[in-house]
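What follows is one structure encoded as structure tokens, with my remarks underneath.
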Amino acid sequence: MGKLKYVLERLLLAFITGFIILTITFILVKLLPEAKPAGDVGAQLSYYNNQVRLGYYTSSPFFMADLGDPTWTYTADDGTMMYFYKLPIMTQYGNWLRNVFTKWDWGTSSSIDRNRDVFIMIGERLPPTIVVNVITFALAVPLGIALGIWSALKRNKPTDRVISVLVMVFISIPSFVFISLLIIIFGYTLNWLPVRWPATTATLGTRAAGLVIPVLAGAFGSICGYERLVRGELIEALSSDYLLLARTKGLTKGQSVVRHALRNAMVPILPSILAQIVGILGGSAILEQIYSIPGIGQLFILSIKTMDINVMLADMTVFTMIGLLAGIVLDLSYGFLDPRIRMGERK
Amino acid sequence: MENNEFSFAPQTPAVAADGFTSEDFKFVQLDKSIHDQRFQGRSTTYLRDIVRRFVKNKTSVFGFCLFGLLILLAIGFALFLPGNADKTSPTPAEKQLPPKLFAAGTGFWDGTRKYEEYLFDTETGQPVLGSLEQDAILQDTLVTYAGTYDSETPYGHGGYVVIDPSAQLRSPVLEMSLADDGSAYQGEYSLTFDHLTYGLDTSYTSTPTYAIWFQGIDNSGATMSNVQLVSGLTIDTSLEQTTVDLSAYVDAIQANASGELPARGRFIVQAADAPIFFEGISLSSSEVDWSGTGIDDASDDLMITRYNETSDTGDDIEGYENWWTRSSSQSVHGYRVPVTYCDFTYDPYEEVYGISTVSMTPGTLNDLKTRGAIDYQLDEDGVIIIDSLVELSEENYLIIGDSEYPMELKISSGIAGTTWTLEAYQITYKNPTFGYTSMPIHIFGTDVNGLDMLKLVSIGMLYSLLIGIAVSAICFLIGLAWGSFSGYQGGLVDLGMERVVDVLSYIPGMVVITLFILNWGHTFWVFMLAMCVTGWISTSALTRTQFYRFKRREYVLASRSLGASDGRLIYRHILPNGLGTIITSSVLMIPSVIYSEASLAYLGLGLQDITSLGTIIQNNQSTITTAGGNPDLTYLIIFPSVVLALLLICFELFGQGLRDAVNPNTKGMDD
Numbered sequence: 003m004g005k006l007k008y009v010l011e012r013l014l015l016a017f018i019t020g021f022i023i024l025t026i027t028f029i030l031v032k033l034l035p036e037a038k039p040a041g042d043v044g045a046q047l048s049y050y051n052n053q054v055r056l057g058y059y060t061s062s063p064f065f066m067a068d069l070g071d072p073t074w075t076y077t078a079d080d081g082t083m084m085y086f087y088k089l090p091i092m093t094q095y096g097n098w099l100r101n102v103f104t105k106w107d108w109g110t111s112s113s114i115d116r117n118r119d120v121f122i123m124i125g126e127r128l129p130p131t132i133v134v135n136v137i138t139f140a141l142a143v144p145l146g147i148a149l150g151i152w153s154a155l156k157r158n159k160p161t162d163r164v165i166s167v168l169v170m171v172f173i174s175i176p177s178f179v180f181i182s183l184l185i186i187i188f189g190y191t192l193n194w195l196p197v198r199w200p201a202t203t204a205t206l207g208t209r210a211a212g213l214v215i216p217v218l219a220g221a222f223g224s225i226c227g228y229e230r231l232v233r234g235e236l237i238e239a240l241s242s243d244y245l246l247l248a249r250t251k252g253l254t255k256g257q258s259v260v261r262h263a264l265r266n267a268m269v270p271i272l273p274s275i276l277a278q279i280v281g282i283l284g285g286s287a288i289l290e291q292i293y294s295i296p297g298i299g300q301l302f303i304l305s306i307k308t309m310d311i312n313v314m315l316a317d318m319t320v321f322t323m324i325g326l327l328a329g330i331v332l333d334l335s336y337g338f339l340d341p342r343i344r345m346g347e348r349k
Numbered sequence: 010m011e012n013n014e015f016s017f018a019p020q021t022p023a024v025a026a027d028g029f030t031s032e033d034f035k036f037v038q039l040d041k042s043i044h045d046q047r048f049q050g051r052s053t054t055y056l057r058d059i060v061r062r063f064v065k066n067k068t069s070v071f072g073f074c075l076f077g078l079l080i081l082l083a084i085g086f087a088l089f090l091p092g093n094a095d096k097t098s099p100t101p102a103e104k105q106l107p108p109k110l111f112a113a114g115t116g117f118w119d120g121t122r123k124y125e126e127y128l129f130d131t132e133t134g135q136p137v138l139g140s141l142e143q144d145a146i147l148q149d150t151l152v153t154y155a156g157t158y159d160s161e162t163p164y165g166h167g168g169y170v171v172i173d174p175s176a177q178l179r180s181p182v183l184e185m186s187l188a189d190d191g192s193a194y195q196g197e198y199s200l201t202f203d204h205l206t207y208g209l210d211t212s213y214t215s216t217p218t219y220a221i222w223f224q225g226i227d228n229s230g231a232t233m234s235n236v237q238l239v240s241g242l243t244i245d246t247s248l249e250q251t252t253v254d255l256s257a258y259v260d261a262i263q264a265n266a267s268g269e270l271p272a273r274g275r276f277i278v279q280a281a282d283a284p285i286f287f288e289g290i291s292l293s294s295s296e297v298d299w300s301g302t303g304i305d306d307a308s309d310d311l312m313i314t315r316y317n318e319t320s321d322t323g324d325d326i327e328g329y330e331n332w333w334t335r336s337s338s339q340s341v342h343g344y345r346v347p348v349t350y351c352d353f354t355y356d357p358y359e360e361v362y363g364i365s366t367v368s369m370t371p372g373t374l375n376d377l378k379t380r381g382a383i384d385y386q387l388d389e390d391g392v393i394i395i396d397s398l399v400e401l402s403e404e405n406y407l408i409i410g411d412s413e414y415p416m417e418l419k420i421s422s423g424i425a426g427t428t429w430t431l432e433a434y435q436i437t438y439k440n441p442t443f444g445y446t447s448m449p450i451h452i453f454g455t456d457v458n459g460l461d462m463l464k465l466v467s468i469g470m471l472y473s474l475l476i477g478i479a480v481s482a483i484c485f486l487i488g489l490a491w492g493s494f495s496g497y498q499g500g501l502v503d504l505g506m507e508r509v510v511d512v513l514s515y516i517p518g519m520v521v522i523t524l525f526i527l528n529w530g531h532t533f534w535v536f537m538l539a540m541c542v543t544g545w546i547s548t549s550a551l552t553r554t555q556f557y558r559f560k561r562r563e564y565v566l567a568s569r570s571l572g573a574s575d576g577r578l579i580y581r582h583i584l585p586n587g588l589g590t591i592i593t594s595s596v597l598m599i600p601s602v603i604y605s606e607a608s609l610a611y612l613g614l615g616l617q618d619i620t621s622l623g624t625i626i627q628n629n630q631s632t633i634t635t636a637g638g639n640p641d642l643t644y645l646i647i648f649p650s651v652v653l654a655l656l657l658i659c660f661e662l663f664g665q666g667l668r669d670a671v672n673p674n675t676k677g678m679d680d
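So the sequences go chain by chain: A and B.
All residue numbers for the first sequence refer to my numbering, where the first residue is 3 and numbers rise by one.
All residue numbers for the second sequence refer to my numbering, where the first residue is 10 and numbers rise by one.
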């Protein structure tokens, strides 16, 4: 019962936190200079009408001095005018909350994909991100753990030193440097792999080859991270008294490592793996931008470059939610996995 | 020693009832001062202890030294290295020079580039260079080899002529004789192809046919419409020569109203479906022997055997009217023309900074003479007597605009022989535009704006470091204040402050920084502020933990019971114990700030008012992308990336040692 109460508490806290973050984000985003929608007058009219429908703007056939300068003025064929005024930010905020909570309406894009529903756009951009991240995850976690175990078992031997030096070097090289080098070497110089994300019309082979560079670039950092974590935890477990006891009981080294050391070492590692599973939904903006992967990370950069406010807001929401969710998973799984940690206990 | 001796000396006893006298109760050490003995070992301080433990860790010391070396070098290069690193005044002429550390021709890091498959002019014995300079070629690296070239070129002879589908090959203009009955001008000709073939271009699968047309030209020079003579001709590749007999005529009246001038026209060969290839073409007449002797017109020149020996436009070729020409497009061209290619190593430094020749006006020369740099005499026509031109001073310089540039005066041998006027004089000098007094070397090369990369990277590294240190220092102060207050107070205050931290810690850092930069600009201070918004959280959490750890200790309680104030408890008793750990975590925050800055810069969200490693890498990456990933330019991204990685590795090495030294009981936990 205590557990359930704690989980509920934790979720409520996360919800409040998310709410506050999104409020701050909304205000900061709405302070930005908004981009004029691209396209002809008809497209602009439909965009602004949409903004009016969402409650971010108000329109009037008369010039209204008390609302300030109109953001946009529409002149119909018959000469009638329509003025579009931006509403105060807090009014917009209220309308935004109403739209999101009652209708799940996040608005439409102004320039990236004009007048498309923002949430549908995000949905469309999830698959490439997920594909890259799932493969990266599937490569990085086993490799990282295996290297970490190997390194810990061979502690302070040449194998361990080589792995540790490599890990240190790779963890220090920024991923964008790494992907740039991969593109230059394997893409442009050797011509083995595509230099950008292949189009959906490309052959299956090309599309598979197009996964190699982003996956490698993403995986190296994770592999190194897991290696360090596993090595540290396992070394601690290996030097513990209970392992000595296990050996004195007559267990072989292998048995003691697998049954005792590894199990205990995994306690802090598993939550971070679970948190990374949540993170699969969020794309690395930098890798997606460099390799032109049409994922949500790239959408974020694109929305910043084109000042597409609605897309930016929805994308930031997704990233915030993923962060919160990962945090909850991390916290809860710690408690479930490690009986020594009692959830909700007062300090 | 006497101080601590316990003395009990029974003296004249005034015996009481229970056997004790008042003498037994006197203070025996009242006049002595009692102290603990000083420890005999050497005393140490907290800081000295940390240094002692840190020095034991050899890799960390190495990392620290490397870090120091990097900074010293960066400061040195940034301040004292010659070369332009000023973004506001780019020197595009110096752009993209390869990295050079050793003399040109060493073969490694020598500032040269390999150029391959350049056409070689066998007559002059030199490569055909285009925009490259002859002087900058390292002659001993020149390697020539035979090859073929799939277009027409003045540097090769032979090969095939190819006529692509629907392209037209036009014969020279022919003049025809009047028919016997006087009704029309006519002529009988035969057109001979050498080795007419097809199928060399495998992208075409159909079998080609070709047609021959005739186009009359009237006396005004205007062309008349084309008349098809033969069509659907097929190609027999087994024949060495393919001859087509043709008879052409031009209506006499139409052609020549006065009847005085002969009519003219030309043949047109046109391919259908697929390209046709041949090695030579000749046109002869059955009436007059075009290819023989005894003809007193220009018909000898009509024997064009190699189309690809003609020039593209033909403008400057003598007897242009007798050359075969093509219709407007490039679809008639040479194919597999035997040529000589060459590979060579090229020294762009020589091209940019080497000796070059400029024309100088008499005025400039007169300036030099007035300054005493040179001397010369004029003849009676006011023309310089070349033999009299002498250099007087070794310190010659040329004034261009407001700047003086070093100059080397050389008198070309060819000048004296030609006829001279006082218009311009040829003088060679070292390329003056960049203000170097000797050939510069750019160890990291130069970027797209001609800025010296070594200097630029040094400046960038220092700025990156500055950002890192400034952000961690600010975060340290905020975190320390917040964490210590929250940790020391505890209770409801702590609970409230913790909730604020909770909210802030879940804001994605990228989102905050992006929004700050978009709202308030890409400047140093905005970036710092944005990094600090969420950056102090970890310091605060750590400080709070340290306070919780130490505030209930007995020595704090003791101090409190002696009446110490809150400030004294915090600053004298609790904080110093936790400070080492907190400072270490702040130092380790520096590389992560540098990393974040570089990543953001790479996304185009970085600083625009200063040069950081991230902005350098981002600029160079876009240069490389624009150049289609040219491998020659890889150095642009390698050097700044290596420096960035080195900086981060140094922090990594040095940080581990620092952590272990400050916190010896966690040593080995996560190394």
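Heads up, the beta-carbon is just placed ideally off N, CA and C, and yes, glycines get one too.
Original post:
Nearest chain B C-beta to Pro-216 of chain A closer than 9 angstroms, yes or no?
Top reply: On the first sequence, position 214 is the one that residue 216 of chain A refers to. With 9 angstroms as the cut-off, Pro-216 of chain A does not count as an interface residue toward chain B.
**OP:** Would you check if there are 3 or more beta carbon pairs closer than 8 angstroms linking the segment 644-658 of chain B to the segment 52-70 of chain B?
**Re:** no
Subject >> Collapsed DSSP secondary structure at Gly-196 of chain B in the structure displayed >> reply: The residue labelled residue 196 of chain B in the question sits at position 187 within the second sequence. Three-state result, Gly-196 of chain B: strand.
Original post:
Which partner residues does Phe-287 of chain B have in the DSSP bridge list?
Top reply: Here the question's residue 287 of chain B lines up with position 278 in the second sequence. Phe-287 of chain B pairs with B:Val-170.
Original post:
By how many angstroms is the C-alpha of Leu-334 of chain A removed from the C-alpha of Leu-6 of chain A?
Top reply: Locating residue 6 of chain A in the first sequence gives position 4, counting from the first residue. Locating residue 334 of chain A in the first sequence gives position 332, counting from the first residue. Cα to Cα, the separation comes out at about 11 angstroms.
Original post:
Residues of chain A with a CB under 7 angstroms from the CB of Thr-643 of chain B: which are they?
Top reply: For the purposes of this step, residue 643 of chain B is taken as residue 634 along the second sequence, with counting starting at 1. Result: Ile-186.
Original post:
Can you give the Cα-Cα distance for Val-457 of chain B and Leu-465 of chain B, rounded to whole angstroms?
Top reply: On the second sequence, residue 457 of chain B is found 448 positions in, with the first residue counted as 1. On the second sequence, residue 465 of chain B is found 456 positions in, with the first residue counted as 1. The straight-line gap from Cα to Cα measures roughly 12 angstroms.
Original post:
Which term fits Arg-57 of chain B, buried or exposed, when burial requires 16 or more other beta carbons within 10 angstroms of its beta carbon?
Top reply: Position 48 of the second sequence, counted from the start, is the residue given in the question as residue 57 of chain B. Its Cβ having fewer than 16 others within 10 Å, Arg-57 of chain B is exposed.
Original post:
Does the beta carbon of Ser-335 of chain A come closer than 9 angstroms to any beta carbon on chain B?
Top reply: Residue 335 of chain A sits at position 333 when you count from the first residue of the first sequence. No - not a single Cβ of chain B is within 9 angstroms of the one on Ser-335 of chain A.
**OP:** Hey, could you find the ends of the beta strand (DSSP E) Met-309 of chain A is sitting in?
**Re:** Along the first sequence, one-based indexing puts residue 309 of chain A at 307. Per DSSP, Met-309 of chain A belongs to no beta strand (DSSP E) and is neither H nor E.
**OP:** Pick helix, strand or coil for Val-37 of chain B, following the three-state DSSP scheme.
**Re:** Taking the second sequence and counting its residues from 1, one reaches residue 37 of chain B at position 28. DSSP places Val-37 of chain B in coil when its eight states are reduced to three.
Subject >> Where Leu-238 of chain B sits in the DSSP three-state scheme >> reply: Mapped onto the second sequence, residue 238 of chain B falls at position 229. Strand, per DSSP.
**OP:** Give a yes or no on whether the minimum CB-CB distance between Leu-246 of chain A and chain B is below 9 angstroms.
**Re:** As a working note, residue 246 of chain A is residue 244 in the first sequence. No, because no Cβ of chain B sits closer than 9 angstroms to the Cβ of Leu-246 of chain A.
Original post:
According to DSSP, which residues form a beta bridge with Tyr-127 of chain B?
Top reply: Along the second sequence, one-based indexing puts residue 127 of chain B at 118. Answer by DSSP bridge pairing, in chain order: B:Cys-351.
Original post:
Taking the DSSP output, what are the residues bridged to Trp-534 of chain B?
Top reply: Residue numbering aside, residue 534 of chain B sits at position 525 when the second sequence is read from its first letter. Answer by DSSP bridge pairing: none, since Trp-534 of chain B is not bridged.
Original post:
I think Val-671 of chain B touches Thr-27 of chain A, with their Cβ atoms under 8 angstroms apart; what is that distance to the nearest whole Å?
Top reply: Here residue 671 of chain B is taken as the residue at index 662 of the second sequence, counted from 1. Here residue 27 of chain A is taken as the residue at index 25 of the first sequence, counted from 1. Not confirmed; about 37 angstroms, so no contact.
**OP:** Specify the secondary structure class of Ala-220 of chain B as computed by DSSP and reduced to three states.
**Re:** Reading the second sequence from its first residue, position 211 is the one you call residue 220 of chain B. Note: Ala-220 of chain B maps to strand in three-state DSSP.
Original post:
DSSP state of Tyr-50 of chain A, grouped into three classes?
Top reply: Counting from 1 along the first sequence, the entry for residue 50 of chain A is found at position 48. Helix, per DSSP.
**OP:** Please list the segments of the alpha helix (DSSP H) lying wholly inside the segment 29-75 of chain A, counting only runs of 4 or more residues, in order along the chain.
**Re:** 43-56
Subject >> Whole-angstrom distance between Pro-144 of chain A and Leu-645 of chain B, CA atom to CA atom >> reply: Along the second sequence, one-based indexing puts residue 645 of chain B at 636. Along the first sequence, one-based indexing puts residue 144 of chain A at 142. When rounded, the distance between both Cα atoms is 35 angstroms.
Subject >> Neighbour list for Pro-99 of chain B in chain A, Cβ cutoff strictly below 7 angstroms >> reply: For this step, residue 99 of chain B is matched to residue 90 along the second sequence. Within chain A, no residue comes near Pro-99 of chain B; the closest Cβ sits about 23 angstroms away, beyond 7 angstroms.
Original post:
Quick one, are the C-beta atoms of Leu-326 of chain A and Thr-75 of chain A less than 9 angstroms apart?
Top reply: Reading the first sequence from its first residue, position 324 is the one you call residue 326 of chain A. Reading the first sequence from its first residue, position 73 is the one you call residue 75 of chain A. In this structure, Thr-75 of chain A does not lie closer than 9 angstroms to Leu-326 of chain A by Cβ.
Original post:
Taking C-alpha atoms, which residue in B:Lys-378, B:Gly-530, B:His-342 and B:Leu-614 lies nearest to His-166 of chain B?
Top reply: For the purposes of this step, residue 166 of chain B is taken as residue 157 along the second sequence, with counting starting at 1. Taking only the C-alpha atoms, the option nearest His-166 of chain B is B:His-342.
**OP:** Quick one: using the 10 Å Cβ neighbour count with 16 as the cut-off for buried, is Trp-108 of chain A buried or exposed?
**Re:** As a working mapping, residue 108 of chain A is identified with position 106 in the first sequence. By the neighbour-count rule (16 or more Cβ atoms within 10 Å), Trp-108 of chain A is buried.
Subject >> Under 7 angstroms by beta carbon: chain B residues contacting Gly-189 of chain A >> reply: For the purposes of this step, residue 189 of chain A is identified with residue 187 of the first sequence, where counting begins at 1. Chain B residues near Gly-189 of chain A: Gly-638.
**OP:** Determine, using beta carbons only, whether Ala-351 of chain A comes closer than 9 angstroms to chain B.
**Re:** Shown here, chain A extends from 3 to 349; a query on residue 351 of chain A therefore has no answer.
Original post:
Okay, do the segment 533-543 of chain B and the segment 616-625 of chain B touch, 3+ Cβ pairs below 8 angstroms being the bar?
Top reply: yes
Subject >> Proximal residues, the segment 20-39 of chain A versus chain B, C-beta separation under 9 angstroms >> reply: Gly-20, Ile-22, Ile-23, Ile-26, Thr-27, Leu-30, Val-31, Leu-33, Leu-34 and Pro-35
Original post:
CB-CB under 7 angstroms to Phe-188 of chain A, same chain, minus the five flanking residues each way: which ones, in chain order?
Top reply: Position 186 of the first sequence, counted from the start, is the residue given in the question as residue 188 of chain A. So the list reads Trp-194, Leu-195 and Ile-215, once near-sequence residues are dropped.
Original post:
Which residues of chain A have a Cβ atom closer than 9 angstroms to the Cβ of Leu-657 of chain B, listed in chain order?
Top reply: Position 648 of the second sequence, counted from the start, is the residue given in the question as residue 657 of chain B. What Leu-657 of chain B touches in chain A: Ile-173, Ser-174, Ile-175 and Pro-176.
**OP:** Let me know the secondary structure DSSP gives His-44 of chain B once reduced to three states.
**Re:** Reading the second sequence from its first residue, position 35 is the one you call residue 44 of chain B. Coil at His-44 of chain B, not helix or strand.
Original post:
Do we get a CB-CB distance below 9 angstroms when we pair Ile-626 of chain B with the residues of chain A?
Top reply: As a first step, residue 626 of chain B must be located in the second sequence, where it is residue number 617. It does; some Cβ of chain A falls within 9 angstroms.
Subject >> Cβ contact check for the segment 476-492 of chain B and the segment 90-110 of chain B: 3 or more pairs under 8 angstroms >> reply: no
Original post:
Which runs of the alpha helix (DSSP H), 4 residues or longer, sit entirely within the segment 60-95 of chain B?
Top reply: 67-89
Subject >> Chain-ordered neighbours of Glu-126 of chain B on chain A, where CB pairs are closer than 8 angstroms >> reply: Along the second sequence, read from residue 1 onward, the residue named residue 126 of chain B stands at position 117. Within 8 angstroms Cβ-Cβ: nothing; Glu-126 of chain B doesn't reach chain A, min ~17 angstroms.
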